[in-house]
Structure formats: C-alpha cells, structure tokens
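Report on one structure; see the data block that follows.
Numbering (the working numbering), first residue to last: 248 to 326.
And the structure:
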C-alpha cells in the first residue's frame, strides 16, 4: 500500500472506532442519534469524518445536558 492508502485506512479506522465509542456512550445514556455514521473519506484531505446527523430538539437538549454534566464533573463542579 502507498503512504496515502495507509493514511486513509488509519483515518477510517480511527473514525469507525470513534463512532462506535460515541454510539455506545449515547446508548448508556439512553440517547440515539439515528444518522450517526462514518462518512466517506475526503478526496482532498484523506480524512474520514464521523457524521453526527440530525436530532430532535428533545434529544439535542438531553445531549447538551449530558455534555454539561460531564464537563462539570471533569472540572470538579456540581452545578
């Protein structure tokens, strides 16, 4: 394989692992992002993105609350 092929494969592998990790974390919190998936690799950059997709307002609020709770816990805050 070429260096570009190796880089693209590594990028896709990392994106797939990140997507699986996020899906599992969201599932533990009871949150589903139906459109969550690994996107196609960028033709110019060779970077593979994770598509978070769209969500209802309710799901977005729950996700925002979970992120804020995690940030506060990481920073030692209780509010």
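Every residue gets a Cβ at the ideal spot worked out from N, C-alpha and C, and that includes glycine.
The structure presented is a predicted model; accordingly, all values stated were derived computationally and were not measured.
Can you tell me which of the three DSSP states residue i falls into?
i, result
"residue 280", "coil"
"residue 296", "strand"
"residue 291", "coil"
Enumerate in chain order the residues of its own chain whose CB-to-CB distance from residue i is below 8 angstroms, with the five nearest sequence positions on each side excluded.
i, result
"residue 251", "293"
"residue 325", "319"
"residue 288", "255, 258, 259, 294, 295"
If contacts are defined as beta-carbon pairs under 8 angstroms, then residue i and residue j qualify, I think. What distance do you get, rounded to the angstrom?
i, j, result
"residue 270", "residue 282", "Their Cβ separation, rounded to whole angstroms, is 11 angstroms, which puts residue 270 and residue 282 out of contact at 8 angstroms."
"residue 278", "residue 310", "6 angstroms"
"residue 285", "residue 266", "5 angstroms"
"residue 297", "residue 262", "5 angstroms"
Identify which residue in the options has its Cα closest to the Cα of residue i.
i, options, result
"residue 307", "321, 276, 323", "276"
"residue 268", "299, 323, 303", "299"
"residue 274", "313, 323, 321, 253", "313"
If you drop the 5 nearest sequence neighbours on each side, which residues of the same chain put their C-beta closer than 6 angstroms to that of residue i?
i, result
"residue 305", "none"
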